[in-house]
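Residue numbers (the numbering used here), protein chains in the order written: chain A, 18 to 396; chain B, 5 to 335.
All C-beta atoms in this analysis are idealised placements derived from N, C-alpha and C, irrespective of residue type, glycine included.
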């Protein structure tokens, strides 16, 4: 017993040191794998001797806001598949919605001398010093779904404000410009959350000029947290005897509402409108539980970004700010109703079936064999 | 001319004041709940409506469960920072196993088992290897967060689950009282009995007050510590089961788990448990959990501006702790 007590700390310490050493060796870029997959065994033939080293694959470092939100998890999974198709290695890091970690991750990637850094910044101003360091190191810096002003940065903004503006118009038209709606906001201060909130607020202001009966009952921040969103939804269902629509900045925040409105017996009263174009959300649009969504798609976004970065690294000189194409998604019945109620035909749409196809197969639009024409973003 | 009070009148006022302070010391958290509820009720009467209170009762269950475990840990002089991420791990594990097997009991067993595994790791490293609790539980928090992604990766996408058991503890109510809240009360009653009437409770207080004296008195500190950290992780695992029942959708909730960890610790402190160990009550933690739940709920009910919510929440907590300090110092 005494021997065990003496040996135990030594054994545990040795195990800890071994895991650190393995981890350090594991930090070198390795072929991207997903859970459950194994990297293919490397075959060697003793008779063959190569005199030239194999060409080094470019390494892209991804610094994400989080790797826990389902949207970001899907981004990572798709990004790995896109990386395999484009012949690049990848490193994925999470900032856990923390600015300090955001900066530290970028510095770590610079130290590892990656070929490009893709970043979803926690704060568009706070990240600027890190971009200066990328410039010093000669490493291209690309925003993931963001827009910031720095001469060294490449930007891939999505038209968040315009998309949310349009989605709000669709919601208002669906409700015949009459009723009370609630909005789930993302993380206050974060670029895309602020853009989406701005789009919603502007649309409401414009709608209310002609339709004062269209009212906003509540707008609450969720910090992109599905559990917090669920609490807010529960409180709204109690606080407001009549809610005509709930619109969200992200699909993941609204899934709990599907079951909740059903249990409250209000599924015919409360209409749900999503944003992001998650596969699950698109299925809900197809089945009628969501009325409309915006196809951004984590899979599409990541294929688009990997394609863009690949074009930058191979010297194709794409524009410094490019917009990823997005689409409104609704069924034909919903669209008919909205147009009949006065929605402008400028708000075109695609069906959920088409959206699901595009959302799950990013290579259909942005694969290596596809011609991609970049739409230069306004700056 | 200054009016002078007679000594007897002064002592009568002073006596009443002392009585008030003694009552506040014992009943401080309850006073705070009542005072805060009244304050919000005056602005928004719907705050104290039965449906809203039922919502609060439902929403505090996961925080309450991890706060109960945290109470034992803090009183013993330790801390458990892994409970938030154990909740996320338990929730995802239950969802994924149910998604694969369609067996609710197997899913719950898997969730509890994986939580206890983290508890075993915590217990072993803290009690046997003698590593600091804060570092160990920070590390296992990180491990648990990573495991959430690995477990979730089995299914790739978010998915819904449905089963009568999920509905029972997810939202069903009896006389407007959620079944999950009844479960919480039952668990707290058990916790009260364990804390006040078993050796585990007595030894927990003793080791938190003075570990050396407790050791000299023949208390097995290591065994006590193992039991406490296992209890803490078990309760966190149960919290994860409840979350899955409520959400009925399986997705990583790690962001939420950090908030729940902080709120649970705040609830325990508000309830009178000392961060230094040795002092605390189960009933105090229960009241603290209710207060935290009411504060969170009031942000939505009052429709506080999103940009001001954190300021509001922090200000209320400072006021609460200030009141507690004044009462305890004066008494």
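Under DSSP, residue 141 of chain B shares a beta bridge with no residue. The beta-carbon separation of residue 287 of chain A and residue 262 of chain A, rounded to 7 angstroms, stays under the 8 angstroms limit for a contact.
Residue 271 of chain A is outside the set of residues whose beta carbon lies under 8 angstroms from a beta carbon in chain B. For residue 175 of chain B, at least one C-beta of chain A is nearer than 8 angstroms to its own C-beta.
The C-alpha of residue 250 of chain A lies about 23 angstroms from the C-alpha of residue 177 of chain A.
Using beta-carbon distances, residue 249 of chain A counts as an interface residue toward chain B, with a partner under 8 angstroms. Annotation: residue 115 of chain B to residue 331 of chain A spans about 48 angstroms, alpha carbon to alpha carbon. Taking a beta-carbon distance threshold of 8 angstroms, residue 245 of chain A counts as an interface residue toward chain B. The shortest C-alpha to C-alpha distance from residue 220 of chain A to any of A/124, A/200 and A/97 is the one to A/200. Under the DSSP assignment, residue 79 of chain A falls in the beta strand (DSSP E) whose first and last residues are 76–81.
Listed as beta-bridge partners of residue 182 of chain B by DSSP are B/177. Judged by DSSP in its simplified three-state form, residue 160 of chain A adopts strand. A Cβ-Cβ distance of about 24 angstroms is found for the pair residue 239 of chain A and residue 282 of chain A, leaving them out of contact under the 8 angstroms criterion. The Cβ atoms of residue 224 of chain B and residue 77 of chain B do not sit closer than 8 angstroms to each other. Judged by DSSP in its simplified three-state form, residue 344 of chain A adopts strand.
In the DSSP annotation of this structure, residue 168 of chain A is not part of any alpha helix (DSSP H), being labelled neither H nor E. For the pair residue 59 of chain B and residue 289 of chain A, the Cα-to-Cα distance works out to about 21 angstroms. If you draw a straight line from the Cα of residue 302 of chain A to the Cα of residue 175 of chain B, it is about 25 angstroms long.
Counting only Cβ-Cβ distances below 7 angstroms, residue 55 of chain B has contacts in chain A at 255, in chain order. Under the 8 angstroms criterion on CB atoms, residue 50 of chain B is classed as interfacial with respect to chain A.
The CB of residue 59 of chain B comes closer than 7 angstroms to the CB of 251, 252 and 255 in chain A, given here in chain order. Counted as a single uninterrupted DSSP element, the stretch harbouring residue 288 of chain A is not any alpha helix (DSSP H) but the beta strand (DSSP E) occupying residues 288–290. Residue 187 of chain A counts as buried, since at least 16 other C-beta atoms from the protein chains shown sit within 10 angstroms of its C-beta. Spanning the alpha carbons of residue 104 of chain B and residue 312 of chain A requires a straight line of approximately 29 angstroms. Within chain B, not a single residue places a beta-carbon under 8 angstroms from that of residue 168 of chain A; the smallest gap is close to 31 angstroms. One finds 238 in chain A with Cβ atoms closer than 8 angstroms to the Cβ of residue 313 of chain B, taken in chain order. Rounded to the nearest whole angstrom, the CA to CA distance from residue 108 of chain B to residue 90 of chain B is 19 angstroms. Residue 136 of chain B is classed as exposed because its beta carbon has fewer than 16 other beta carbons within 10 Å across all chains shown.
By the criterion of at least three beta-carbon pairs nearer than 8 angstroms, the stretch 167–174 of chain B is not in contact with the stretch 32–51 of chain B.
With a threshold of 8 angstroms between beta carbons, residue 168 of chain B makes no contact with chain A. Between residue 156 of chain A and residue 135 of chain A, the C-beta gap is not smaller than 8 angstroms, which leaves the two residues out of contact. Closest by C-alpha distance to residue 260 of chain A, out of A/352, A/242 and A/285, is A/285. The Cβ neighbour count for residue 106 of chain B, taken over all protein chains shown within 10 Å, is under 16; the residue is labelled exposed.
In the displayed model, residue 293 of chain B falls within a helix according to three-state DSSP. Residues are counted here when their Cβ sits less than 9 angstroms from a Cβ of chain A; for the stretch 283–305 of chain B these are 300, 301, 303, 304 and 305, given in chain order. Residues are counted here when their Cβ sits less than 7 angstroms from a Cβ of chain A; for the stretch 73–84 of chain B the count is zero.
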